[in-house]
Every structure is written in structure tokens, then in C-alpha cells.
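Following: one structure in C-alpha cells, then a few remarks.
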């Protein structure tokens with residue numbers, strides 16, 4: 001037995017050394033990274049806007065890419081007379097992180113719109129974030145959180161993918177960026193993504209149906225706690241169904257209804273029925289969540305009009 005343990009230890013040493021060297025390489029590359037065109041680095045601009053708004057009453061939008069693709073915040077601002085900040089970037093950051101990112105900024109008089117993808121509610125992995133969250137922590141130079149997330153998600157191979165991603169970015173110039181590449185410079189002052197405004201609908205895309213599982217109970221327990229604290233602080237919170245293409249909604253309506261019922265159970269139902277945010281497939285760019293410009297205007301006007309009746 002001792003011999004076996006000794007051999008196992010000897011075998012693990014080079015693995016540990018290689019991983020340590022790779023982690024050091026990743027941190028070095030992240031420290032030196034040119035963030036000019038990095039999509040996730042838009043979070044730095046969004047947080048800066050939050051701080052610069054000072055004591056003004058604000059409208060914060062959190063969610064994944066459905067939020068960054070789906071809103072024209074100027075429409076919300078002109079209708080509701082609140083200063084908007086669209087924090088949406090990517091589903092992989094997890095809804096838990098999206099709340100934490102704005103938690104310390106929210107105060108009495110603020111309005112929080114939660115436009116989360118349906119996947120966030122179905123399993124802990126989507127709620128707490130994946131490799132994308134590790135990447136975000138690296139961009140923010142929060143090394144401890146990045147390492148913890150990688151270990152906690154048991155996703156050590158992400159280290160090599162994140163190294164390769166940074167190596168490919170070295171020396172990238174504006175002429176190297178294709179029209180459909182998502183980059184930091186294509187966000188507007190409110191945090192809305194505008195890089196797809198001149199692009200048309202792909203017409204079709206590969207989207208796996210939502211898993212037919214019960215919504216994750218732990219997710220809703222955590223959500224209820226977060227919402228209660230923010231409500232006591234005087235923050236007004238609305239859960240919005242994300243914009244969704246019609247063909248996918250027809251396939252996923254049962255799973256979506258389960259999520260809707262779970263939100264009702266914690267006292268925070270969707271502000272609109274999910275069917276109210278379903279649009280023709282021709283209104284979507286490259287996925288069931290990503291609206292083209294025409295759809296962005298349609299969705300923003302609908303949400304602004306509905307909220308005006310309440311606020």
C-alpha cells in the first residue's frame with residue numbers, strides 16, 4: 001500500500017508542476033492582455049458608468065446575451081426617465097454573479113430588471129457560472145476568484161483554452177476583426193450591444209431544446225434571499241422573460257411554464273407572461289435569444305410601455 005501511494009504521489013508531482021506553470025502563464029498573459037477589443041471587458045465600462053451616475057435614479061438590466069442584444073436603453077430612458085445601465089454580457093457568467101456585480105451599487109430608488117435566460121433557472125451550473133466566469137475574473141485581475149471558480153467547477157481544461165484565447169489576441173488590430181465578431185468597442189454608452197444592428201437574421205440556428213427537468217430548488221432559495229435583501233433596501237425589482245423566438249417557444253413552453261410557476265412560488269412572478277416576449281423567428285439574429293435591430297426596438301418599446309404603467 002505504501003509503495004502504491006508513493007508511486008501515485010510521484011506520478012502526481014509532474015501533473016501538479018505542469019498545472020502550476022500553466023496557471024502562472026495564464027495569470028501573466030491576463031496581466032499583459034490588451035483589452036481594447038475584448039467583449040467581456042465591456043463589464044469594466046458598464047461598472048464605470050454605474051459609478052459615474054452618482055446619486056441619479058438608475059435602471060439596471062442584468063442577464064446574459066439576451067439582455068445585451070435585446071434592449072435599446074435610450075427608449076427605456078426616454079420613457080421612464082431613469083438612467084439605464086445594461087449589464088448584460090453572456091449567460092456563462094451565471095445569474096448569481098450578475099446579481100453580485102450590481103449588489104453593492106443598488107440603493108433606494110433604483111430599478112432592477114432581471115432578464116435572465118431560462119437556462120439559468122434549470123441547473124446550478126448555469127446559475128453559478130462556468131468557464132466564462134473564470135475568464136471574467138481574469139479580466140478584472142481577481143486571481144483568487146478565478147482560481148477558485150476553476151477548481152469549484154472542476155474545469156481545469158479551461159485553463160488551456162483561456163491561455164490559447166489570449167495568445168490568439170496578441171497583436172490583434174481592428175482590421176483583423178470580422179464584422180460579426182463581438183467586441184468591446186461595439187457597445188454604446190448605456191451598455192447595449194450594437195454590433196449586430198446592420199446584420200440580418202440568419203434565418204435558422206442550432207438550438208437544443210430546454211432540458212425537461214424541474215427548476216433547481218437551490219437556485220430559487222438563493223434568489224429569494226437576494227431579492228428580499230434588495231427589496232428591503234428600497235430597490236424595485238422586475239423579473240422579465242427574455243425575448244424568445246416563436247419556434248423555440250413552441251418546443252419549450254412546458255419547461256418555461258415550470259420556471260414561471262417557480263418564480264411565482266417565491267413571490268416574484270414574471271412581470272409579463274413569457275408568451276408576451278415571443279417574437280417571429282425573423283426578428284432574431286443568430287440564436288433564439290438574440291434580436292436583430294428591428295426586434296430590439298420592438299422589445300424595448302414593449303417593456304418600456306409596460307413598466308411606465310407601474311413606475
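Residue numbers (our numbering): 1 to 311. Just so it is clear, CB atoms sit at the ideal spot from N, CA and C, and this is done for glycine as well. Remember, predicted model here, so these are calculated numbers, not experimental data.
Can you tell me where the beta strand (DSSP E) holding residue i begins and where it ends?
i	result
residue 238	236-239
residue 62	58-63
residue 113	111-115
What is the DSSP secondary structure of residue i, reduced to helix, strand or coil?
i	result
residue 83	strand
residue 75	helix
residue 210	coil
residue 187	strand
residue 106	coil
residue 37	coil
residue 311	coil
residue 289	coil
residue 197	coil
residue 150	helix
residue 125	helix
residue 294	helix
residue 88	coil
residue 176	helix
residue 215	coil
residue 55	coil
residue 142	coil
Confirm, please, whether the CB-CB distance from residue j to residue i is below 7 Å.
i	j	result
residue 134	residue 149	yes
residue 234	residue 48	no
residue 72	residue 213	no
residue 190	residue 55	no
residue 68	residue 193	yes
residue 61	residue 304	no
residue 146	residue 137	yes
residue 59	residue 84	yes
residue 291	residue 283	yes
residue 81	residue 132	no
residue 64	residue 117	yes
residue 281	residue 247	yes
Since residue i and residue j should fall inside the 8 Å C-beta cutoff, what is the C-beta to C-beta distance between them, to a whole number of angstroms?
i	j	result
residue 70	residue 274	Wrong, their Cβ atoms sit about 14 Å apart, outside the cutoff.
residue 245	residue 288	4 Å
residue 220	residue 113	Actually they are not in contact, since the Cβ atoms of residue 220 and residue 113 sit about 19 Å apart, beyond 8 Å.
residue 215	residue 121	5 Å
residue 230	residue 106	6 Å
residue 184	residue 35	7 Å
residue 256	residue 224	The Cβ separation is near 20 Å, so there is no contact.
residue 153	residue 173	Residue 153 to residue 173, Cβ: 33 Å. No contact.
First and last residue of the alpha helix (DSSP H) that includes residue i?
i	result
residue 167	158-169
residue 135	131-139
residue 45	42-52
residue 202	That residue, residue 202, is in no alpha helix (DSSP H); it is neither H nor E in DSSP.
residue 93	Careful: residue 93 lies outside any alpha helix (DSSP H) and carries neither H nor E.
Tell me whether residue i, by its Cβ, gets closer than 6 Å to a heavy atom of the ligand FMN.
i	result
residue 97	This structure simply doesn't include the ligand FMN, nor any ligand for that matter.
For chain B, find out if any of its Cβ atoms is closer than 7 Å to the Cβ of residue i; answer yes or no.
i	result
residue 27	Within the model displayed, chain B is absent; a lone protein chain is all it includes.
Residue ranges of each beta strand (DSSP E) within the stretch 222-284, 3 or longer: Counting only runs of 3 or more, we get 236-239.
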